[in-house]
Structure formats: C-alpha cells, structure tokens
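Participant: One structure follows; several queries about it will come next.
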C-alpha cells in the first residue's frame, strides 16, 4: 500500500482500500451499523465512521474521474452500484443524510452520473418498494427503531 493511503474498513484484507488498524477493523463492516443506527452515543460515532469510509472511497477510489474506471462505467462502478439507491433508502430510514453534495461532492456527482446510465437507470428497483423492503428488514433487526 502506498504511503498515505488508508483502507476502507468494510473491505478488510491488505488491499489499498481496507482496514489499516484494529480500530478500523472493529468498525467492519461499516454499513451494517449504519443500517441499524439508533439514538444514543454510538450514533455520532457510526455516522462519522461511515463518512470517513465514504471519503476514502471518494478520494482514493474515484478521485477526479466521472466513474471509477474513467469516462465509462467499469466493474468497480457496478460493484459500488448499490450506493445510489440502497444507501439513499438507508439514509431515509435512519434520518441521516451522509452522501450529500456538500460533504462528498465527487461521490455525489458519481451517484448522479451512475443513475443516468441507461442500462442502470432502466434496471434500478422501484424506490418505494425498496424502501418498504428495507424498512421491514430493519424492523426485524431493530424493532423499536422503525
């Protein structure tokens, strides 16, 4: 791993985007705790951890490119393709917006670009059905928080 690079705690291993220390490893997988986000002292810590991981993805993965692979979508874009729709539903359920133009401008732009690719746009699940499904799933895992 190059000097100065951090790793996303959700990926693990020794990749350039994976946990760097035991504290980061303790947060893996990072998006599970965000999905189960509740009130209390862990709330802010979880939100900050998610934001830090998305910033790493934005800075070291996406950089200044339109898509992770450059000007066209690649396998990396497809792999992260759940973010535009699923993550939006999670944000709505937990009442916290993280992936905003003001906090993650390049990743936010990627979301908008990705959702406009015809093959992606035509195959995104219905948002209201997705939200209903995610809400049922969250209720089964965190019954008093839905």
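Residue numbers (the working numbering): 3 to 148.
C-beta atoms are modelled at their ideal positions from N, C-alpha and C, and glycine is treated no differently.
Nothing here was measured: the structure is a model prediction, and the numbers come from that model.
1) Helix, strand or coil for residue 23? Go by DSSP, reduced to three states.
2) Is there contact between the region 129-139 and the region 87-103, where contact requires at least three CB pairs shorter than 8 Å?
3) Measure how close the beta-carbons of residue 1 and residue 91 come, nearest whole angstrom, since I'm counting them as under 8 Å.
4) DSSP three-state call for residue 70: helix, strand or coil?
5) So the alpha helix (DSSP H) residue 103 belongs to, where does it begin and stop?
6) Using beta-carbon positions only, say whether residue 100 and residue 58 come within less than 8 Å of one another.
7) Can you tell which of 67, 51, 116 and 95 has the C-alpha that lies nearest to the C-alpha of residue 145?
8) Return the first residue and the last residue of the alpha helix (DSSP H) that residue 55 is part of.
9) With 16 other CB atoms within 10 Å as the buried threshold, where does residue 52 fall?
10) Ends of the alpha helix (DSSP H) at residue 135?
11) Please classify residue 113: is it buried, with 16 or more other beta-carbons within 10 angstroms of its beta-carbon, or exposed?
12) Give a yes or no on whether the minimum CB-CB distance between residue 123 and chain D is below 8 Å.
Facilitator: Let me spell this out:
1) The residue labelled residue 23 in the question sits at position 21 within the chain shown. Low local confidence applies: a pLDDT of 38 at residue 23 is under 50, so the model's placement there is unreliable, with the coordinate-based value given in what follows. Residue 23: coil per DSSP, three-state reduction.
2) yes
3) With the chain covering 3 to 148 only, the question about residue 1 has no answer from this structure.
4) Taking the chain shown and counting its residues from 1, the one referred to as residue 70 is at position 68. Note: residue 70 maps to coil in three-state DSSP.
5) Within the chain shown, the letter at position 101 stands for residue 103. It is not in any alpha helix (DSSP H) - residue 103 carries neither H nor E in the DSSP assignment.
6) Translated into positions along the chain shown, residue 100 becomes position 98. Translated into positions along the chain shown, residue 58 becomes position 56. Taking 8 Å as the Cβ cut-off, residue 100 and residue 58 do not qualify as a contacting pair.
7) Indexing the chain shown from 1 puts residue 145 at position 143. Selected option, being the one with the closest Cα: 95.
8) For the purposes of this step, residue 55 is taken as the residue at position 53 of the chain shown. Residues 43-58.
9) As a first step, residue 52 is located in the chain shown; it is residue number 50 there, counting from the start. When all chains shown are included, residue 52 counts as buried.
10) Taking the first residue of the chain shown as 1, we reach residue 135 at position 133. That run of the alpha helix (DSSP H) goes 129-143.
11) For the purposes of this step, residue 113 is taken as the residue at position 111 of the chain shown. It is buried - the Cβ of residue 113 has at least 16 other Cβ atoms within 10 Å.
12) The chain inventory of the structure shown lacks chain D, comprising one protein chain alone.
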